[in-house]
Amino acid sequence: SDYPLGAIRPIGSGEVATASTSAPAIVARLILSVDRRETSEEATRTVRLAAKLRDGNRGVVGVDLSGDPTRGCWATFYPPLALARQLGLPITLHCGEVITPGEEAAMLHFRPERLGHCVKTVRDEELWRQLRKTGTPVELCITSNVITDSIHGGNGGGGGRNDNDGSSNGGGGGGGKGAKGINTAAAAARHHLRIMFSAGHPICICTDDPGVFSTTLSREYALAAASMELRDDDLRRLAVQAMDFAFLGVSAVSAAASHRTLGTAADASHWPPDVSSVPYSQPASMASDVERHKNDAANKALAVAVRRQLEIGVAAWSGLPKTMT
Numbered sequence: 071s072d073y074p075l076g077a078i079r080p081i082g083s084g085e086v087a088t089a090s091t092s093a094p095a096i097v098a099r100l101i102l103s104v105d106r107r108e109t110s111e112e113a114t115r116t117v118r119l120a121a122k123l124r125d126g127n128r129g130v131v132g133v134d135l136s137g138d139p140t141r142g143c144w145a146t147f148y149p150p151l152a153l154a155r156q157l158g159l160p161i162t163l164h165c166g167e168v169i170t171p172g173e174e175a176a177m178l179h180f181r182p183e184r185l186g187h188c189v190k191t192v193r194d195e196e197l198w199r200q201l202r203k204t205g206t207p208v209e210l211c212i213t214s215n216v217i218t219d220s221i222h223g224g225n226g227g228g229g230g231r232n233d234n235d236g237s238s239n240g241g242g243g244g245g246g247k248g249a250k251g252i253n254t255a256a257a258a259a260r261h262h263l264r265i266m267f268s269a270g271h272p273i274c275i276c277t278d279d280p281g282v283f284s285t286t287l288s289r290e291y292a293l294a295a296a297s298m299e300l301r302d303d304d305l306r307r308l309a310v311q312a313m314d315f316a317f318l319g320v321s322a323v324s325a326a327a328s329h330r331t332l333g334t335a336a337d338a339s340h341w342p343p344d345v346s347s348v349p350y351s352q353p354a355s356m357a358s359d360v361e362r363h364k365n366d367a368a369n370k371a372l373a374v375a376v377r378r379q380l381e382i383g384v385a386a387w388s389g390l391p392k393t394m395t
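Per my numbering, residue 71 is the first one in the sequence shown, and the count goes up by one each step.
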């Protein structure tokens, strides 16, 4: 199909290479996703397409495994992902959104370049020990984990379970798609970002899917700051170290790194973004839940804290590179 090429043509390397080096660095590349509903053959086609587009300098730099965590099994995707490794493609795996100890252990053993979520992984003592031993960077998505009910109930909750032999079955609470009745601020405060940050494990704050979860990267940073009492210095460090985990290649990372110096408040005339709608507006399907909780005291306090955090951080944040992969 011509669709993938047409979709990524606007961000080909030619456009990026000619960007002015005097402007703040904005470096974007694409990762092709293997959906857990796919067959092994379909996943293999995605991997080969990613390698072809990478070799053709079309802006694709890696692959990931994502989608409904209760669908599919690791045995299906291991061969295509092993091929991706042979082809030199960086890999990121969505892991531990529901309770899948056998699969999570296999993913940790696979040692991808990044992991996503790891909600249940961190809450399992042995898996958390293994994760820390690997030192694999983890993409953390607070809003996504709240809306999907991955962190509902703190360390409790059920979720789908993949048996050690790779078979899969559906799950109960803790992994449902659509967390109804959740207090945003309270749920976010239970997010495992706090645990991983305190342990010094490499992490990067991400959105998962801005469209589906109606969020932005700025809002995710603000939510992390407000719900976990992170300081401006903490947020700066998280943003800068995320560049080390990007699938950009040495030259692109080096170019972006040249823009790490901090700016001044005068440089931030268009920053921060409008946060009048904080806490985030959830998808339309959850409009009734939003209406029910819009006057919730905890969420109102969160909104105030977010706005204050953004106002304080304008000068420090304005010079940071905006890097997306």
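By construction, the Cβ of each residue, glycine as well, lies at the ideal position given by its N, Cα and C atoms.
Just so it is clear, the structure is predicted and the values come from calculations on it, not from any experiment.
DSSP places Glu209 in the strand class (E or B) of the three-state scheme. From the listed residues His261, Gly281, Phe283, Val282, the smallest Cα separation to Ala296 is found for His261. Here the alpha carbons of Gly186 and Thr162 stand approximately 7 Å from one another. Leu159 places its beta carbon less than 8 Å from that of Ala120. In the three-state scheme derived from DSSP, where H, G and I count as helix and E and B as strand, Asp105 is classed as strand. Cβ-Cβ distances below 6 Å link Thr206 to Leu185 in the same chain, with the five nearest sequence neighbours on each side left out; the list follows chain order. Per DSSP, reduced to three states, the secondary structure at Arg184 is strand. Excluding its 5 nearest sequence neighbours in each direction, Pro150 has C-beta neighbours in its own chain below 8 Å: Val104, Ser110, Ala113, Thr114, Thr116, Val117, listed in chain order. When the five nearest sequence neighbours on each side are left out, the beta carbons in the same chain lying within less than 8 Å of the beta carbon of Val208 are those of Arg184, Leu185, Gly186, His187, Cys188, Leu201, Met266, His271, Pro272, Ile273, Cys274, in order along the chain. Where Ala120 is concerned, the enclosing alpha helix (DSSP H) starts and stops at 110 to 125. Straight-line measurement puts the Cα of Ala145 at about 30 Å from the Cα of Ala312. A direct Cα-to-Cα measurement between Ile221 and Ala257 gives close to 7 Å. Thr191 sits in a helix when the DSSP states are folded into three classes.
Going by C-alpha positions, Arg289 is about 14 Å away from Leu300.
Taking a 10 Å sphere around the C-beta of Asp279, we find fewer than 16 other C-beta atoms and assign the residue as exposed. Distance between Phe317 and Val133, taken at the CA atoms: about 10 Å. If you compare the alpha carbons of Ile217, Glu167, Gly129 with that of Gly137, the shortest gap goes to Glu167. A residue is called buried when at least 16 other Cβ atoms come within 10 angstroms of its Cβ; Arg193 meets this threshold and is buried.
Within 10 angstroms of the beta-carbon of Ala294 lie 16 or more other beta-carbons, which makes it buried. The three-state reading of DSSP puts Ser268 in helix, counting H, G and I together. Taking the CA atoms as reference points, Lys203 sits about 19 Å from Asp314. Under the DSSP assignment, Asp302 falls in the alpha helix (DSSP H) whose first and last residues are 302 to 312.
Val282 sits exposed, since fewer than 16 C-beta atoms from the chains shown fall within 10 Å of its C-beta.
In the DSSP annotation of this structure, the continuous segment of the alpha helix (DSSP H) that includes Thr146 starts and ends at 144 to 156.
The continuous alpha helix (DSSP H) containing Val282 extends over residues 280 to 283. If you look at Leu287, you'll find it isn't in any beta strand (DSSP E); it sits in the alpha helix (DSSP H) that goes 287 to 298. In this structure, Thr285 keeps its C-beta atom at 8 Å or more from the C-beta atom of Thr191.
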